[in-house]
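First the structure, in the form of C-alpha cells, and then the observations on it.
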Amino acid sequence: MHDIKKILIATDGSEHTKAAIEHGLHLAKLLGAKVTALYVVEPIPLTNIPADTSVVFSVHASLEDEGKKAVEEVKKLGESLGVEVTTVVAEGSPEKKILELAASHDLVVIGTLGRSGLSKLFMGSVAERVTRYAPVPVLVVRGKKS
Numbered sequence: 007m008h009d010i011k012k013i014l015i016a017t018d019g020s021e022h023t024k025a026a027i028e029h030g031l032h033l034a035k036l037l038g039a040k041v042t043a044l045y046v047v048e049p050i051p052l053t054n055i056p057a058d059t060s061v062v063f064s065v066h067a068s069l070e071d072e073g074k075k076a077v078e079e080v081k082k083l084g085e086s087l088g089v090e091v092t093t094v095v096a097e098g099s100p101e102k103k104i105l106e107l108a109a110s111h112d113l114v115v116i117g118t119l120g121r122s123g124l125s126k127l128f129m130g131s132v133a134e135r136v137t138r139y140a141p142v143p144v145l146v147v148r149g150k151k152s
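Its first residue numbered 7, the sequence shown is counted upward by one per residue in our numbering.
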C-alpha cells in the first residue's frame with residue numbers, strides 16, 4: 007500500500023456529493039494529505055441551438071459560477087479542518103477530467119446516488135466509469151437519502 011498524500015475530491019455541487027466531500031476531507035485530515043476539489047462544466051452541445059448564442063454563453067457562465075461556488079465550499083470546509091485545498095473548475099467530460107487529474111493524485115473520492123435497476127442501466131454513472139478506469143484507488147461514497 008502506498009502513502010496517500012494527494013486526494014482528488016470530485017463534486018457536482020449537488021446534495022448527494024456532500025457525504026463524499028466530508029469523507030474525503032476527514033480522511034485528508036487524518037492522513038495529512040492535500041486535497042484538490044474538482045468541478046467539471048460539461049460543454050453545451052451547439053446542435054439545435056437558436057441563432058442567439060448569447061443564451062448559450064449565459065448558461066455556460068452560470069455553470070462556471072456554480073462550479074466555483076461548489077469548489078469554494080469544499081475549500082472553506084477543508085480550511086475549517088486544517089486541510090489544504092486547491093480548487094479546479096475544468097470544462098469537458100466529467101469522467102475524462104476526473105481520470106486525467108487522478109493520474110497526479112493518490113486517491114479519488116467521488117459521490118454517487120446509489121441508483122439501481124433501470125435508472126442505473128439507462129443513466130450510466132460517472133462514479134462507475136471512474137472506478138473502472140482510474141489509475142489510483144477510488145473511494146465511492148453513497149449520498150445521504152433525502
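Every residue gets a Cβ at the ideal spot worked out from N, C-alpha and C, and that includes glycine. Note that the coordinates shown come from a computational prediction; the quantities given were computed from them, not determined experimentally.
Check your understanding: At which residues does the alpha helix (DSSP H) containing VAL137 begin and terminate?
Key -> The residue given as residue 137 occupies position 131 in the sequence shown. One detail in the question is off: residue 137 reads as Thr in this sequence, not Val. Unbroken alpha helix (DSSP H) run through THR137: 132-139.
If we ignore side chains and look at the alpha-carbon of each, how far apart do LEU14 and VAL41 end up?
Sequence index remark: in the sequence shown, residue 14 carries index 8 (1-based). Sequence index remark: in the sequence shown, residue 41 carries index 35 (1-based). Going by the C-alpha atoms only, they are around 6 angstroms apart.
Margin query: For GLY19, which residues in the same chain have their Cβ closer than 6 angstroms to its Cβ, ignoring the five residues on either side in sequence?
Written below: On the sequence shown, position 13 is the one that residue 19 refers to. Setting aside the 5 residues that flank it on each side, GLY19 is surrounded in the same chain by GLU72 and ALA76, each with a C-beta closer than 6 angstroms to its C-beta; the list follows chain order.
query = Any idea what DSSP makes of ALA76, helix, strand or coil?
reply = Taking the sequence shown and counting its residues from 1, the one referred to as residue 76 is at position 70. Helix at ALA76.
Report the residue from GLY88, LEU83, HIS8 and GLU134 whose alpha carbon sits nearest the alpha carbon of LEU105.
By 1-based counting over the sequence shown, the position of residue 105 is 99. Restricting attention to GLY88, LEU83, HIS8 and GLU134, the CA atom closest to the CA of LEU105 is found in GLU134.
Sort out for me which residues DSSP pairs LYS12 with in a bridge.
The residue labelled residue 12 in the question sits at position 6 within the sequence shown. Under DSSP, LYS12 shares a beta bridge with LYS40.
Q.
Give me, in chain order, the residues of the same chain whose beta-carbon lies closer than 8 angstroms to that of GLU78; leave out the 5 immediate sequence neighbours on both sides.
A. For the purposes of this step, residue 78 is taken as the residue at position 72 of the sequence shown. Closer than 8 angstroms at the Cβ level, and outside the excluded window around GLU78, lie THR93.
Problem set entry | Exposure label - TYR139; buried when at least 16 CB within 10 Å | To locate residue 139, count along the sequence shown from 1; it is residue 133. Only exposed fits TYR139, as fewer than 16 other CB atoms lie within 10 angstroms of its CB.
Pull up the DSSP beta-bridge partners for GLU97, would you. Residue mapping note: residue 97 aligns to position 91 of the sequence shown, counting from 1. Answer is VAL47.
Discussion item. For PRO100, count the other beta carbons within 10 Å of its own beta carbon; 16 or more makes it buried, fewer makes it exposed. Which is it?
Written reply: Translated into the one-based positions of the sequence shown, residue 100 becomes position 94. Around the beta carbon of PRO100, a 10 Å sphere encloses 16 or more other beta carbons of the protein chains shown; the residue is thus reported as buried.
**For THR118, the first and last residue of its enclosing beta strand (DSSP E)** = The residue given as residue 118 occupies position 112 in the sequence shown. Here the beta strand (DSSP E) through THR118 covers 113-118.
**Prompt:** Per DSSP, which one or two residues make a beta bridge with VAL91?
**Reply:** Locating residue 91 in the sequence shown gives position 85, counting from the first residue. Partner(s): VAL41.
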